[in-house]
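Note sheet for the following structure.
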Amino acid sequence: MTDPSAKETRMPVEPRRELITWEEVDRLIDHLLPQFKREFTAMVMVTRGGIIPGGLVAEALNITHILTAAVDFPAQLKSERAKMLAWPEFIQFPADDKLRGRPTLILDDVWGSGKTMTAVKHRVSAAGGFPETCVLHFNPYRNLFGTVRPDYYAAITDAYVVYPWEIDRGTDKVLLGEI
């Protein structure tokens, strides 16, 4: 018989990893394109994950006003709770006049916690732009913003996604424990 007052000890569960091929990226982009409800005159790609899918979407939608945002969250915070509540540092962000009055698509590879995309969206809005968010993968299980979700997404996942541009360059080997 087990003691009901005893705490159950659980090993931390490693997130499932999903390797995405270039063909799957093409299918994800093809799934995104018909979703867009408006014409965008600017795009903000969130570095680094948003650069490649952002370029593909910008080409397909003929968006020529392409900008980048580099966002960092303080890694030196001690507790996991403090890390989850930390607000970002913008390492690079377009000047307000580049966004003002523009319907702007903010693009990244994945929406996990939602902190990065939410921070970028608010910053674009504060600059006078009209932001909408877009990702290849949305993870509702890690989302910190309740029912808030990306405006556009190609797939829902609970996995840690490894994209083809990350393969054979180091990140996948670290993530998959091959180093």
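All residue numbers for the sequence shown refer to this note's numbering, where the first residue is 418 and numbers rise by one.
Positions of the beta carbon are idealized from the N, C-alpha and C atoms, including for glycine.
With DSSP as the reference, identify every bridge partner of residue i, one or two as the case may be.
i: L436; result: V579
i: M462; result: T485 and L524
i: F507; result: V488
i: I600; result: Only positions 418 to 596 of the chain appear in this structure, which leaves residue 600 out of reach.
Within 10 angstroms of its Cβ, does residue i collect 16 or more other Cβ (buried), or is it exposed?
i: N556; result: buried
i: Y570; result: buried
i: Y558; result: exposed
i: E583; result: buried
i: H539; result: exposed
i: D526; result: buried
i: V461; result: buried
i: A544; result: buried
i: I508; result: exposed
i: V541; result: buried
i: E456; result: exposed
i: E431; result: exposed
i: V565; result: exposed
Taking the alpha carbon of residue i as the reference point, which residue from the options has its own alpha carbon closest?
i: K515; options: W439, L484 and G471; result: L484
i: Q452; options: G546, A544, A487 and L522; result: L522
i: W528; options: V463, L436, P505 and G472; result: V463
i: G563; options: T535, G546, C551 and Y577; result: T535
i: T644; options: K532, T458 and I573; result: Absent from the model: residue 644. The displayed extent of the chain is 418 to 596, so no value can be given.
i: Y580; options: W439, G472 and E431; result: W439
i: G467; options: R455, I446, N479 and K454; result: I446
i: F547; options: P520, H448 and K454; result: P520
Using beta-carbon positions only, say whether residue i and residue j come within less than 7 angstroms of one another.
i: V474; j: L553; result: no
i: P505; j: F490; result: yes
i: L450; j: A477; result: yes
i: A572; j: E435; result: no
i: K560; j: G531; result: Residue identity differs from the one stated: residue 560 is Asn in this sequence, not Lys. It is a contact, given that the beta carbons lie within the stated cut-off.
i: V578; j: I437; result: yes
Of all Cβ atoms in chain B, is any one closer than 7 angstroms to the Cβ of residue i?
i: R455; result: In the displayed structure, chain B is absent; only one protein chain is listed.
Segments of 3+ residues assigned as beta strand (DSSP E) that fall wholly inside the region 536–560: 547–555
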